[in-house]
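Student: Sharing a structure, written as structure tokens. Questions coming.
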Amino acid sequence: MEVLTIEKAVNLLLQKVDQIRETERVVLWDAAGRVLAEDVYACHDQPPFPRSPLDGYAVKSEDIQNASKENPVRLTVLGEVDAGHVCGHTVSSGTGVRIMTGAPIPEGADCVIRQEDTDYGEDMVEIYKAVGSYENYCFAGEDYKAGTKIMAKDIRLGAVEAGVLASLGLQDVSVYRRPRAAVITTGDEIILPGEPLEGGKIYDSNLYTLVTRLTSLGIEVTCKKRIGDDAARAAEMIREAEGDADLVITTGGVSVGKKDIMHEVLEILPAERIFWRIAIKPGMPTLCGQYKGKLLICLSGNPYGAAVNLELLVRPLLAKMSGRKDLELQRVKAISESAFPKKSMATRYVRARYADGKVRIPDGSNDSGILSSMCGCNCLIELPAGTSGLEKGDEIWAVLL
């Protein structure tokens, strides 16, 4: 079977997934990060009435055209209106209404004079400045008019969008269902945190790395389990997990050793084999199949290899399935502040930290079995196949995480 480039592998898998169009309603508190599944129209003007942008007096502009400190205009104060209340008075020539920020501007008034330009009068007020018609005046519908399309479906909702939806009086909104992923790690040598660390055993970091990363990307994880090197049990667990998931991700058992069970698992299910091996380092022995229409992504058991391929291979699928452009991989050019002397027979991805157009490789091993040196990294340096090594000052491509 052909060893694919990462680009061919991703494109092949993208052909086998579609954007999820199932919808659900969520309360606005939970809407951030979700993708809107309906066009939203305004049912009222916002604001629904003319309102004052400041504390002062609502008056007729024609009454105060010649007002100045030296020649103040005196007006009768009819009353006061605060935010959240309605004024019962109509402003006529020679009168005004004391008004607070956000309060509805009373009938007859066409401007607001700020209180700092008055003597703060209660029954009578002296005006020391002229303002024009509709100055300091917020019109009804200034933000949006009733019937206006406020948001188009397929946009990703954030805090501002939630605020706008709330201003419409909505308590919940229709969004697309999030992709669901099942994560299963394999290996006789791995145990879960909390279990005693016996001879020959190591704690399972892959399960926690993949599950927390998927969760941070807004993916619903429906299954998070580990099993030993048992092909029959692995196949059974995949069958159980597949019903609730849109894709199943496993780690370990993908190479050619005696305990590399995932090849046998595909036969037991049975699942269609899509490809095995990608021309990248780390994570070359990645195995992908399809079972009951669901993708089965079998990643390397090496912690760094599993983490890298979750980004390079799985993340583009999640972007398409969720309809989220922000999940698509972003590559930027940068200057390397570090040297990396190893040759790259296949495309190699080196953990690094990106800032201000520069990347730096952290101290520590870059081997695929090492995870700790990835702490604080926010990108992967992409070294094309045939690269003889990386020198300080070289221009590179970085995949942002």
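In this text, residue positions in the sequence shown follow this note's numbering: the first is 1021, and each later residue adds one. We treat Cβ as the ideally placed atom computed from N, Cα and C, and that holds for glycine. The structure presented is a predicted model; accordingly, all values stated were derived computationally and were not measured.
What are the start and end residues of the beta strand (DSSP E) that includes K1169?
Tutor: By 1-based counting over the sequence shown, the position of residue 1169 is 149. Per DSSP, K1169 belongs to the beta strand (DSSP E) from 1169 to 1171.
Student: Since P1126 and V1145 should fall inside the 8 Å C-beta cutoff, what is the C-beta to C-beta distance between them, to a whole number of angstroms?
Tutor: Here residue 1126 corresponds to residue number 106 of the sequence shown, with the count starting at 1. Here residue 1145 corresponds to residue number 125 of the sequence shown, with the count starting at 1. Their Cβ separation, rounded to whole angstroms, is 15 Å, which puts P1126 and V1145 out of contact at 8 Å.
Student: Specify the secondary structure class of M1481 as computed by DSSP and reduced to three states.
Tutor: As shown, the chain starts at 1021 and ends at 1421. That puts residue 1481 outside it, with no answer to give.
Student: State yes or no: is the C-beta of M1257 within less than 8 Å of the C-beta of K1245?
Tutor: Here residue 1257 refers to the residue found at position 237 of the sequence shown. Here residue 1245 refers to the residue found at position 225 of the sequence shown. Going by C-beta atoms, M1257 is nearer than 8 Å to K1245.
Student: For R1071, which of helix, strand or coil comes out of DSSP?
Tutor: For this step, residue 1071 is matched to residue 51 along the sequence shown. Strand at R1071.
Student: Once you ignore the five residues that flank H1109 on each side, which residues in its own chain have a CB closer than 7 Å to its CB?
Tutor: Counting from one through the sequence shown, the residue named residue 1109 turns up at place 89. Around H1109: L1098, G1099, V1117, P1126.
Student: Taking one C-beta from the segment 1087 to 1107 and one from the segment 1154 to 1169 each time, how about it: are there three or more such pairs within less than 8 Å?
Tutor: no
Student: Mind checking R1198: buried by the 16 CB within 10 Å criterion, or exposed?
Tutor: The sequence position of residue 1198 within the sequence shown is 178, counting from 1. Under this definition R1198 is a buried residue.
Student: Under 8 Å: do the segment 1067 to 1079 and the segment 1129 to 1149 share three or more Cβ pairs, one atom per stretch?
Tutor: yes
Student: Output needed for C1107: all residues of its chain with C-beta closer than 6 Å, excluding positions within five of it in sequence on either side, in chain order.
Tutor: In the sequence shown, counting from the first residue as 1, residue 1107 sits at position 87. Same-chain partners within the cutoff: V1101, V1117, P1126.
Student: Leaving aside the five residues before and after I1222 along the sequence, list all residues of the same chain whose C-beta is less than 7 Å from its C-beta, in chain order.
Tutor: On the sequence shown, position 202 is the one that residue 1222 refers to. If we look at I1222 and ignore the five residues flanking it on each side, its Cβ neighbours are E1209, I1210.
Student: How about the segment 1335 to 1346 and the segment 1401 to 1412: do they share at least three Cβ pairs that are nearer than 8 Å?
Tutor: no
Student: Please classify G1413 as buried or exposed, where buried requires at least 16 other C-beta atoms within 10 Å of its C-beta.
Tutor: If you number the sequence shown from 1, residue 1413 lands on position 393. Flag for G1413 reads exposed.
Student: Within the continuous alpha helix (DSSP H) that includes T1187, where are the two ends?
Tutor: Numbered from 1 along the sequence shown, position 167 holds the residue referred to as residue 1187. The amino acid at residue 1187 is misidentified as Thr; the sequence shows Ser. First-last of the alpha helix (DSSP H) with S1187: 1179 to 1187.
Student: When DSSP labels each residue in this structure, what does I1026 get in the three-state scheme?
Tutor: On the sequence shown, residue 1026 is found 6 positions in, with the first residue counted as 1. I1026 falls in the helix class under three-state DSSP.
Student: By the 10 Å Cβ neighbour count, where 16 or more other Cβ atoms means buried, how is L1217 classified, buried or exposed?
Tutor: For the purposes of this step, residue 1217 is identified with residue 197 of the sequence shown, where counting begins at 1. Per the 10 Å Cβ criterion, exposed.
Student: Is I1288 near A1252, with beta carbons less than 8 Å apart?
Tutor: Within the sequence shown, numbered from 1, the residue matching residue 1288 stands at position 268. Within the sequence shown, numbered from 1, the residue matching residue 1252 stands at position 232. Yes; because the gap between Cβ atoms is below 8 Å, this pair is in contact.
Student: Since L1237 contacts L1338 with CB under 8 Å, what's their CB separation in whole angstroms?
Tutor: Locating residue 1237 in the sequence shown gives position 217, where the first residue counts as 1. Locating residue 1338 in the sequence shown gives position 318, where the first residue counts as 1. Yes, L1237 and L1338 are in contact; Cβ-Cβ is about 6 Å, under 8 Å.
Student: So what's R1197 in DSSP terms, helix, strand or just coil?
Tutor: Here the question's residue 1197 lines up with position 177 in the sequence shown. Correct three-state label for R1197: coil.
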